[in-house]
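To keep things clear, I will list the structure first and then write my remarks on it.
Numbering (this note's numbering), first residue to last: 8 to 119.
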């Protein structure tokens, strides 16, 4: 097995596509760096706007590289996010992302 290495700040992403869960017409782009049957890790970017997120079947851990916004759970808890934020969305979490400045993050999804 080989070591994988990506500079998440400069990695080229594919042409952005419409985000299926966007409530405001956002575009997103991502690359998967490594995946197996239950884990996926990569780099993701999304433009300003609002979208829903559902982590019913998997936990997501992400590190915000650039951009800013707020993540709000269905229970009303919220977190302002920006460069350096480490965010954990545990299995069963549902809520919305409000992106004020295009966000780039690295992510690890476990249990997908």
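By construction, the Cβ of each residue, glycine as well, lies at the ideal position given by its N, Cα and C atoms. Predicted model only: the values in this text are computed from it and were never measured.
List the DSSP bridge partners of residue i.
{"i": "residue 28", "result": "BP columns for residue 28 are empty, so no partner."}
{"i": "residue 75", "result": "108"}
{"i": "residue 42", "result": "47"}
{"i": "residue 52", "result": "36 and 111"}
{"i": "residue 62", "result": "100"}
Buried or exposed: which applies to residue i, given that a residue is buried once 16 or more other Cβ atoms fall within 10 Å of its Cβ?
{"i": "residue 98", "result": "exposed"}
{"i": "residue 45", "result": "exposed"}
{"i": "residue 11", "result": "exposed"}
{"i": "residue 49", "result": "buried"}
{"i": "residue 30", "result": "exposed"}
{"i": "residue 47", "result": "buried"}
So is the beta-carbon of residue i under 7 Å away from any non-hydrogen atom of the ligand NAP?
{"i": "residue 51", "result": "Of ligands this structure carries none, so the ligand NAP is not represented either."}
Please tell me whether residue i and residue j are closer than 8 Å, where the distance is taken between their beta carbons.
{"i": "residue 81", "j": "residue 56", "result": "no"}
{"i": "residue 59", "j": "residue 118", "result": "no"}
{"i": "residue 68", "j": "residue 104", "result": "no"}
Exercise for the section: Would you check if there are 3 or more beta carbon pairs closer than 8 Å linking the segment 60-74 to the segment 86-102? Expected result: Contact holds: three or more Cβ-Cβ distances are below 8 Å.
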